[in-house]
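Asker: Dumping the structure here so I can ask a few things about it.
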Amino acid sequence: MDGAGAERTQFRRQLRGTLTEAERRLWYRLRDRRLAGFKFVRQEGIGRYVADFRCRDARLVVEVDGGQHAESDHDRVRDAWLKAQGYRVLRFWNAEVMTNTIGVLDTILSALPPSPRLRGEGRAPLAGGEASPEGDGEGGPPDETPPATPPHPRLPPRFADDKVGKTLSPQAGRGGEHP
Numbered sequence: 001m002d003g004a005g006a007e008r009t010q011f012r013r014q015l016r017g018t019l020t021e022a023e024r025r026l027w028y029r030l031r032d033r034r035l036a037g038f039k040f041v042r043q044e045g046i047g048r049y050v051a052d053f054r055c056r057d058a059r060l061v062v063e064v065d066g067g068q069h070a071e072s073d074h075d076r077v078r079d080a081w082l083k084a085q086g087y088r089v090l091r092f093w094n095a096e097v098m099t100n101t102i103g104v105l106d107t108i109l110s111a112l113p114p115s116p117r118l119r120g121e122g123r124a125p126l127a128g129g130e131a132s133p134e135g136d137g138e139g140g141p142p143d144e145t146p147p148a149t150p151p152h153p154r155l156p157p158r159f160a161d162d163k164v165g166k167t168l169s170p171q172a173g174r175g176g177e178h179p
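With the first letter of the sequence shown counted as 1, position 98 gets the number 98 in full-length UniProt numbering; the numbers rise by one all the way through.
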C-alpha cells in the first residue's frame, strides 16, 4: 500500500472511531444486514470521497450531516460526482435522525430495491421438495392459515428509544431485548 493509500485508510479509521450520536444511532440500525437484509458499510472511500454509509449492492450512499453542510458547494460537487458514478445519495440532518429515526429508515428503504430476504434465499426447502400431483401431500399448502404479516414487512423492529413502545403489544415488532 502506498503512503497516500495508508493515509486515507487511517483517516477512514479515525472517522469510524468518532461517529456523531446521529451516525451511531443510524449505524446501529443499518449494521449486520438489519435493514431488510441489505449490507451497509460505514466511512468507506469512493474515489476521493468518504461516504458515511454505503450499500454497495444497491449503489446507495447515505449521509448524515450537521449544520455546517447547509448549502455546501463541496457537497454539491461531491454528490454530482457520486451520481455520475451511478450512486444515489440521500442526505439527512443529524436532528432528523435523532428525532425521526423510523422515518429516516423508511426513506432509506424506499430508495432500495426489493429486499434480498423477500426473494426466498435462506429458506428451508419444503419436505419432499415439491407438491404432490393433487397438491395436497407433502409440500402442499398448509391446512392452517399463516400468521398475519406485519403492516410493513421491510421495517426493522422497533426500539425502546423510538418512543412507540406503549402503542405496541409486548411482543409486536420486537425480536428480544434491544439497547
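Each residue gets a CB set at the ideal place from its N, CA and C atoms; glycine is no exception.
All of these numbers come straight from a predicted model, not from anything done at the bench.
Determine the extent of the beta strand (DSSP E) in which D32 is found, giving its start and end residues.
Answerer: D32 -> no beta strand (DSSP E), and no H or E assigned at all.
Asker: What residue from L82, F92, D57 and L19 has the CA that sits closest to P114's CA?
Answerer: The option with the nearest alpha carbon to P114 is D57.
Asker: Tell me whether V104 counts as near the ligand COA, meaning its Cβ is closer than 6 Å to at least one heavy atom of that ligand.
Answerer: Because no ligand of any kind appears in the structure shown, any question about the ligand COA cannot be addressed here.
Asker: List the endpoints of the continuous beta strand (DSSP E) containing A51.
Answerer: Note, A51: beta strand (DSSP E), Y49 to C55.
Asker: Could you please give the first and the last residue of the uninterrupted beta strand (DSSP E) stretch that includes E45?
Answerer: Here the sequence assigns Gly to residue 45, which means Glu is not the residue at that position. Its beta strand (DSSP E) spans residues V41 to I46.
Asker: For R78, which three-state DSSP category applies?
Answerer: Residue state, collapsed to three classes: helix.
Asker: Secondary structure at L60, three-state DSSP: helix, strand or coil?
Answerer: If DSSP states are grouped into helix, strand and coil, L60 belongs with the strands.
Asker: If we ignore side chains and look at the alpha-carbon of each, how far apart do L60 and L90 end up?
Answerer: Rounded to the nearest angstrom, the two C-alpha atoms are 8 Å apart.
Asker: Which residues does DSSP list as the beta-bridge partners of V89?
Answerer: Answer by DSSP bridge pairing, in chain order: V61.
Asker: Buried or exposed, going by whether 16 or more other CB atoms sit within 10 Å of the CB of Q43?
Answerer: When all chains shown are included, Q43 counts as buried.
Asker: Out of T20, L82, A84 and R54, which one is the CA nearest neighbour of L112?
Answerer: Nearest of T20, L82, A84 and R54 to L112, Cα basis: R54.
Asker: Do the segment 100-109 and the segment 27-41 make contact, defined as three or more Cβ pairs closer than 8 Å?
Answerer: A contact exists between the segment 100-109 and the segment 27-41.
Asker: Between which two residues does the alpha helix (DSSP H) harbouring E96 extend?
Answerer: Its alpha helix (DSSP H) spans residues N94 to T99.
Asker: Helix, strand or coil for T20, going by three-state DSSP, please let me know.
Answerer: DSSP places T20 in coil when its eight states are reduced to three.
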